[in-house]
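Here the structure comes first, spelled out in structure tokens, and everything after it is commentary.
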Amino acid sequence: MALAAQGSHESERMTLLQISLAIPETGAAEYEKAMEEETAKITSCADGLKFIDGLKARVRHGSLSFTVKTDVAIATLPVPLSRALLARPIGKATPVFGGGEAFRVLVRCEPTFVAPRPAPSSRDGSAVATS
Numbered sequence: 029m030a031l032a033a034q035g036s037h038e039s040e041r042m043t044l045l046q047i048s049l050a051i052p053e054t055g056a057a058e059y060e061k062a063m064e065e066e067t068a069k070i071t072s073c074a075d076g077l078k079f080i081d082g083l084k085a086r087v088r089h090g091s092l093s094f095t096v097k098t099d100v101a102i103a104t105l106p107v108p109l110s111r112a113l114l115a116r117p118i119g120k121a122t123p124v125f126g127g128g129e130a131f132r133v134l135v136r137c138e139p140t141f142v143a144p145r146p147a148p149s150s151r152d153g154s155a156v157a158t159s
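In the numbering used here, the protein residues as written are 29 to 159.
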């Protein structure tokens with residue numbers, strides 16, 4: 029039955045927002061918990077972008093990156109990621125995952141969602157990629 033549910037989403041497309049925060053050298057568990065609590069409040073892709081804007085002012089230089097990928101096919105993602113995204117309503121963040129160098133969350137957006145382009149020169153230290 030799980031295969032049939034997965035198969036029904038094979039042609040589904042989305043815009044995908046990924047937020048990554050570098051893990052600090054100390055206090056990683058507290059940092060992960062705080063990120064989990066804050067990203068649980070994201071209810072739309074616009075909220076995800078507001079969350080990123082709020083982080084830019086609070087995190088140290090170079091520790092924040094985010095990516096907006098357009099026209100992503102669910103079927104091209106690893107099964108655990110596609111399941112995590114499909115288990116949530118559009119606009120809700122996945123639980124925090126990752127480790128090693130960064131904590132990450134993903135937000136599945138409507139395929140028509142368009143993120144505003146960042147300013148040409150950014151001094152906040154965040155890295156941005158769009159496609």
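Built from N, CA and C at the ideal position, the CB exists for glycine as well.
Alpha carbon of residue i to alpha carbon of residue j, nearest angstrom
i	j	result
T54	S39	43 Å
E129	T71	26 Å
S110	R86	31 Å
Where the alpha helix (DSSP H) through residue i begins and ends
i	result
L44	Careful: L44 lies outside any alpha helix (DSSP H), inside the beta strand (DSSP E) at R41 to A50.
K78	C73 to R86
R111	V107 to L114
Where the beta strand (DSSP E) through residue i begins and ends
i	result
L134	A130 to C137
A62	No beta strand (DSSP E) holds A62; the alpha helix (DSSP H) holding it covers A56 to T67.
S91	From DSSP, S91 is part of no beta strand (DSSP E); its letter is neither H nor E.
G126	F125 to G127
Residues near residue i in its chain [Cβ-Cβ closer than 8 Å; skip 5 each side]
i	result
R41	D99, V100, A101, I102 and P139
A143	T43, L45, C73, L77, V96 and T158
R116	T122 and R136
M63	L49, V124, F131 and V133
Same chain, Cβ closer than 7 Å to residue i, five either side skipped, listed in chain order
i	result
F141	T43 and C73
Environment of residue i [buried if 16+ CB atoms lie within 10 Å]
i	result
A121	buried
T104	exposed
R88	exposed
V107	exposed
Own chain residues within Cβ distance below 6 Å of residue i, not counting five before or after
i	result
G119	T71, S72 and C73
T182	No statement about residue 182 is possible, as the shown extent of the chain runs from 29 to 159 and does not include it.
L83	L92
Bridge partner(s) assigned by DSSP for residue i
i	result
A101	R41
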